[in-house]
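Asks: Residue numbering for the sequence shown follows our numbering, starting at 667 and increasing by one per position. First the structure, which I've put down as structure tokens, then a few questions once you've had a look.
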Amino acid sequence: MSATATTSDSEPEELNPLDPITDDARLFRRVPKNQVVSEMESDGSLKQRPSSACFTDNNSSMSLFDEQTCGGAVAVMAGHEDYYLVSLTARELRGLGLDVRRTRSGGPGHCEAVGKKTGSVRSKLAKMAVWVIPPVR
667 MSATATTSDS
677 EPEELNPLDP
687 ITDDARLFRR
697 VPKNQVVSEM
707 ESDGSLKQRP
717 SSACFTDNNS
727 SMSLFDEQTC
737 GGAVAVMAGH
747 EDYYLVSLTA
757 RELRGLGLDV
767 RRTRSGGPGH
777 CEAVGKKTGS
787 VRSKLAKMAV
797 WVIPPVR
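Structure, rendered in structure tokens:
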């Protein structure tokens, strides 16, 4: 039996239940350059992080952080020069009640973080994200 997910702009997509994603797997998420915010740290330094708006869709498209599976950061960023790149672990996503699933579409290593992303969940995702390709100060 196969599971389905819906996206806001398309028909339901059949998800691949094979090859489960381990909790330790690191996942890429592209961040549009206009969705970066700056926060003041307790020591007075300025820290940049993705905006919580980067995680508003119910099925956040991601790629496995794996050279063999998705071709690595260079492949994930091909054709997306107006983006930065962050990573999160599947464990972090699942800890917030999201389901991490491989998909048949989207290329090798494509997956989605599926579930309701309340304001609190989006904020936590944005704060947990680790820069892979960060903004240049």
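Here a beta-carbon is modelled for each residue, glycine too, at the ideal position from N, C-alpha and C. These figures come from a predicted structure and were not determined experimentally.
Taking the beta strand (DSSP E) that V697 belongs to, which residues open and close that run?
Replies: R692 to P698
Asks: Helix, strand or coil for E758, going by three-state DSSP, please let me know.
Replies: In the structure shown, E758 sits in a helix (DSSP, three-state: H, G or I).
Asks: Within a Cβ cutoff of 7 Å, which residues of the same chain sit near E705, ignoring the five residues on either side of it in sequence?
Replies: Exclusion of the five residues before and after E705 leaves K713 and R715 as the residues of its chain whose Cβ lies within less than 7 Å of its Cβ.
Asks: State buried or exposed for S786, treating a residue as buried only when at least 16 other CB atoms are found within 10 Å of its CB.
Replies: exposed
Asks: State yes or no: is the C-beta of I799 within less than 8 Å of the C-beta of L751?
Replies: yes
Asks: Whose C-alpha, out of M728, R768, D723 and M743, is nearest the C-alpha of K699?
Replies: M743
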